[in-house]
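**Student:** If you read the sequence shown in our numbering, its first letter stands for residue 2, the second for the next number, and so on. Got a structure for you, written out below as structure tokens; questions coming shortly.
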Amino acid sequence: MKRKFLSNFWQLFRGYWSSEQKWKARGLLAFVIVLNFASVYLLVRLNSWYNVFYNALQQYQSESFWPLIGEFTGLAFLYIILAVYAIYLRQMLQIKWRTWMTDRYIGRWMKNQVYYRLQVLKSDTDNPDQRISEDINQFVSLTLQLLLGFLKQLTTLGAFGVVLWNLSGAFTVPIGGHEFVIYGYMFWFSLLYAVLGTVGVHFVGRRLIGLNFDQQRFEADFRFDMMRVRENSESIAFYRGEQPESVGFAERFARVIENYWHLMRQTKLLNFYVNGYGQLAIIVPLVMAAPQYFAGVMTLGGLMQTASAFGRVQDALSYFVTAYDTIAQLAAVIHRLSGFTHHMDEVASLKSDIVYAQGEDPELVLKDLAVSLPDGRTLLRDCNVELPAGRRLLITGASGCGKSTLLRTMAGIWPYGSGKLAVKKGSRVLFLPQRPYLPLGSLRRALYYPLSASGPEKRLQEVLRKVELAPLIDRLDDVDDWSRILSLGEQQRLAFARVLLVRPDWVFLDEATSALDEPREQEMYELLRRELPQMGIVSVGHRSTLFAQHQEELHLSGDGSWRVAPVV
Numbered sequence: 002m003k004r005k006f007l008s009n010f011w012q013l014f015r016g017y018w019s020s021e022q023k024w025k026a027r028g029l030l031a032f033v034i035v036l037n038f039a040s041v042y043l044l045v046r047l048n049s050w051y052n053v054f055y056n057a058l059q060q061y062q063s064e065s066f067w068p069l070i071g072e073f074t075g076l077a078f079l080y081i082i083l084a085v086y087a088i089y090l091r092q093m094l095q096i097k098w099r100t101w102m103t104d105r106y107i108g109r110w111m112k113n114q115v116y117y118r119l120q121v122l123k124s125d126t127d128n129p130d131q132r133i134s135e136d137i138n139q140f141v142s143l144t145l146q147l148l149l150g151f152l153k154q155l156t157t158l159g160a161f162g163v164v165l166w167n168l169s170g171a172f173t174v175p176i177g178g179h180e181f182v183i184y185g186y187m188f189w190f191s192l193l194y195a196v197l198g199t200v201g202v203h204f205v206g207r208r209l210i211g212l213n214f215d216q217q218r219f220e221a222d223f224r225f226d227m228m229r230v231r232e233n234s235e236s237i238a239f240y241r242g243e244q245p246e247s248v249g250f251a252e253r254f255a256r257v258i259e260n261y262w263h264l265m266r267q268t269k270l271l272n273f274y275v276n277g278y279g280q281l282a283i284i285v286p287l288v289m290a291a292p293q294y295f296a297g298v299m300t301l302g303g304l305m306q307t308a309s310a311f312g313r314v315q316d317a318l319s320y321f322v323t324a325y326d327t328i329a330q331l332a333a334v335i336h337r338l339s340g341f342t343h344h345m346d347e348v349a350s351l352k353s354d355i356v357y358a359q360g361e362d363p364e365l366v367l368k369d370l371a372v373s374l375p376d377g378r379t380l381l382r383d384c385n386v387e388l389p390a391g392r393r394l395l396i397t398g399a400s401g402c403g404k405s406t407l408l409r410t411m412a413g414i415w416p417y418g419s420g421k422l423a424v425k426k427g428s429r430v431l432f433l434p435q436r437p438y439l440p441l442g443s444l445r446r447a448l449y450y451p452l453s454a455s456g457p458e459k460r461l462q463e464v465l466r467k468v469e470l471a472p473l474i475d476r477l478d479d480v481d482d483w484s485r486i487l488s489l490g491e492q493q494r495l496a497f498a499r500v501l502l503v504r505p506d507w508v509f510l511d512e513a514t515s516a517l518d519e520p521r522e523q524e525m526y527e528l529l530r531r532e533l534p535q536m537g538i539v540s541v542g543h544r545s546t547l548f549a550q551h552q553e554e555l556h557l558s559g560d561g562s563w564r565v566a567p568v569v
């Protein structure tokens, strides 16, 4: 388990530091480390200052008081400058690293329809948006925080360990008739104290890793449930579904609260341990150094310097005690990001046996095409169809027989199948789903999608009039959520306007007129035939009225068999 965690961490970590930005990143990191080292040096200087200052107080040397205060002020001012810029530059590095990782993850998520395949083929991949927006940020932030903190504490241990060793002197322990001399005894005691503390904190706080992971998941599920209600508000309102939705909210929120109570209780135990450990570390060095002080071997300044040095060494050695909660959060983040990465790699590596070819002939050709489901069930077997340019084909069959899946296969987004699909080289194709996608932004952008929102204004207005959406002409540059404003019928007519603007060679319609009445459905198909007579049309639908708009029928039985016949 530990080896897997380290392997996952390294896979996530190494990308940025070996990328095209590696030298800038490494240089900035090195500068931040140097600033941290310089701040440790100033802490050592301040530790020496304690000795001189308290000795001056003990000896009532008033003439040394103000010069020492001035020295402290100068050292403290430099320390503040270094500390502020160390944090500022660390945050700069965090922004650059997060930007690089976010760009890469969005690229991988969008490439080869991975975003779609994850939804269809990997139902256990929860909230990819949160993985990219939140977990990457947390991974970068927590990693830099822990890495730089560890390096600083390691440097502190080296610097103050020498100071504490020299200040401790020798401690004689009489056992029986023998005396044992322990050199640097306070350093060894500090080391033992930290080791016991680290073992104890892991025993107390180890459950936090799983609880933090579950908390993120439950919170995300709760947010997703509310988002679903927002996206389907009209359907829920028609059903009067407020009560079951409220019950669903309550159930998901109950999981959030229940897990949070567990998290609180475990954090409470950890805080008891960490705070008790920290408070005990304040008094321990004074108790250990008191015999030498009262014996006159150590001055007041030496006592205060020893206590300060012990505290610094103790903080360094106890780094994993105080940072355990942060480590638990990072472990949960790595687990989520690694799972998301693995799922993206898995669906991206799915290779279809379908060959998508571009030839010289204008026909759309399906040759020995087979389509199946992920569980292996065959929907279509050895299908052979040739459609000349401008031909209109209607795909029919009972619900669930694979009509929409065949269209997905033709689009190249369904990997389960075999055979060959060919179109003429350079042909433009456009797929219209039952519910058109309208991106956020202006209506003009939604009309031209997926092309850039540019074209003759007169042509755009003409197209809107032809699909009976003339009232929208004055709102072309209005920015809004058009999928909420327009009815489904208006959205489907808007999709037909896209066809007229894009002017593809082949258009594929998956029940793209289901929200239109029959006369308007007829008008839209006749509009396509009139405006784009050379364009081929492949439609999926259930209505008998669609037969009049097509020349051939491809009927699917659902058991793999099929038949093609002219429409009469």
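Glycine included, every Cβ here is placed at the ideal spot set by N, Cα and C.
Pick out the complete alpha helix (DSSP H) segments inside the segment 370-441, 4 residues or longer, and give them in chain order.
**Tutor:** List check, alpha helix (DSSP H) in window: 404-412.
**Student:** Where does residue 535 fall in DSSP's three states?
**Tutor:** In the structure shown, residue 535 sits in coil (DSSP, three-state: anything other than H, G, I, E or B).
**Student:** Please state whether DSSP places residue 453 in a helix, a strand or coil.
**Tutor:** Residue 453 falls in the coil class under three-state DSSP.
**Student:** Exposed or buried, which one is residue 267 when buried takes at least 16 other CB atoms within 10 Å?
**Tutor:** Its Cβ being crowded by 16 or more others within 10 Å, residue 267 is buried.
**Student:** Since residue 509 is in the alpha helix (DSSP H), which residue starts that stretch and which ends it?
**Tutor:** No alpha helix (DSSP H) holds residue 509; the beta strand (DSSP E) holding it covers 507-511.
**Student:** Taking the straight line between their C-alpha atoms, what separation do you get for residue 151 and residue 476?
**Tutor:** Cα to Cα, the separation comes out at about 57 Å.
**Student:** Quick one: give me the first and last residue of the beta strand (DSSP E) that residue 555 is part of.
**Tutor:** Taken as a continuous stretch (DSSP letters only), the beta strand (DSSP E) holding residue 555 covers 553-557.
**Student:** What are the partner residues of residue 359, as DSSP defines its beta bridges?
**Tutor:** Residue 359 is bridged to 424.
**Student:** Is residue 507 near residue 386, with beta carbons less than 8 Å apart?
**Tutor:** Not closer than 8 Å, so no.
**Student:** Among the candidates 511, 517, 467, 504, whose CA atom is the shortest distance from the CA of residue 489?
**Tutor:** With distances taken between Cα atoms, residue 489 lies closest to 517.
**Student:** Buried or exposed: residue 344, going by 16 or more other Cβ atoms within 10 Å of its Cβ?
**Tutor:** Buried, by the Cβ-count rule.
**Student:** Would DSSP call residue 316 helix, strand or coil?
**Tutor:** Residue state, collapsed to three classes: helix.
**Student:** Please list, in chain order, all residues of the same chain as residue 542 whose beta carbon is under 6 Å from its beta carbon, the five residues on each side excluded.
**Tutor:** Within the same chain, residue 542 has close Cβ partners 512.
**Student:** Short check: CB of residue 373 to CB of residue 367, under 8 Å?
**Tutor:** Their beta carbons are not under 8 Å apart, which means residue 373 does not touch residue 367 by this criterion.
**Student:** Is the CB-CB distance between residue 409 and residue 561 below 8 Å?
**Tutor:** Cβ distance not < 8 Å, so residue 409 and residue 561 don't count as in contact.
**Student:** Run the CB neighbour count on residue 51, radius 10 Å, all protein chains shown included, and call it buried at 16 or more, exposed below.
**Tutor:** Per the 10 Å Cβ criterion, buried.
**Student:** From the DSSP output, read off the bridge partner residues of residue 567.
**Tutor:** In the DSSP output, where bridge partners are listed per residue, residue 567 has 553.
**Student:** Tell me the rounded alpha-carbon separation between residue 338 and residue 10.
**Tutor:** Approximately 10 Å, taken between the alpha carbons.
**Student:** Can you give me the Cβ contacts of residue 132 inside the same chain, cut-off strictly under 8 Å, excluding the 5 residues immediately before and after it?
**Tutor:** So the list reads 106, 337, 338, 341, once near-sequence residues are dropped.
**Student:** Where DSSP assigns a beta bridge to residue 570, which residues make up the other side?
**Tutor:** Nothing can be reported for residue 570: it is not among the residues displayed for the chain, which extend from 2 to 569.
**Student:** In the structure shown, what three-state DSSP assignment does residue 542 receive?
**Tutor:** Of the three classes helix, strand and coil, the one that applies to residue 542 here is coil, per DSSP.
**Student:** If you follow the alpha helix (DSSP H) that residue 48 is part of, which residue opens it and which one closes it?
**Tutor:** Segment 23-59, the alpha helix (DSSP H) holding residue 48.
**Student:** Does DSSP put residue 130 in a helix, in a strand, or in coil?
**Tutor:** Residue 130: helix per DSSP, three-state reduction.
**Student:** Measure the beta-carbon distance from residue 31 to residue 97 and round it to whole angstroms, keeping in mind my assumption that it falls under 8 Å.
**Tutor:** Going by Cβ atoms, the distance from residue 31 to residue 97 rounds to 14 Å, so no, they are not a contact pair.
**Student:** If I follow the unbroken alpha helix (DSSP H) through residue 230, where does it start and stop?
**Tutor:** From DSSP, the alpha helix (DSSP H) with residue 230 extends over 209-232.
**Student:** Count the other CB atoms within 10 Å of the CB of residue 335; is the residue buried (16 or more) or exposed (fewer)?
**Tutor:** Burial call: buried.
**Student:** Along the chain, where does the alpha helix (DSSP H) that runs through residue 135 open and close?
**Tutor:** Counting along the chain, residue 135 falls outside any alpha helix (DSSP H), and DSSP gives it neither H nor E.
**Student:** Between the beta-carbon of residue 461 and the beta-carbon of residue 448, is there less than 8 Å?
**Tutor:** Yes; because the gap between Cβ atoms is below 8 Å, this pair is in contact.
**Student:** From the DSSP output, in three-state form, read off residue 368 for me.
**Tutor:** DSSP places residue 368 in strand when its eight states are reduced to three.
**Student:** Excluding the 5 residues flanking residue 122 on each side, which residues of the same chain have their C-beta closer than 7 Å to its C-beta?
**Tutor:** These residues qualify, in order along the chain: 348, 375.
**Student:** What residue range does the alpha helix (DSSP H) around residue 492 cover?
**Tutor:** Residues 489-503.
**Student:** CB residue 1 to CB residue 537, shorter than 8 Å?
**Tutor:** Outside the displayed span of the chain (2 to 569) sits residue 1, for which this structure offers no information.
**Student:** If residue 492 and residue 437 are in contact, beta carbons under 8 Å, what's the gap, nearest whole angstrom?
**Tutor:** The pair is a contact, with the Cβ atoms about 5 Å apart (cut-off 8 Å).
**Student:** Going by Cα to Cα distance, which pick from 167, 273, 115 is closest to residue 416?
**Tutor:** Residue 115 is the option with its Cα nearest to residue 416.
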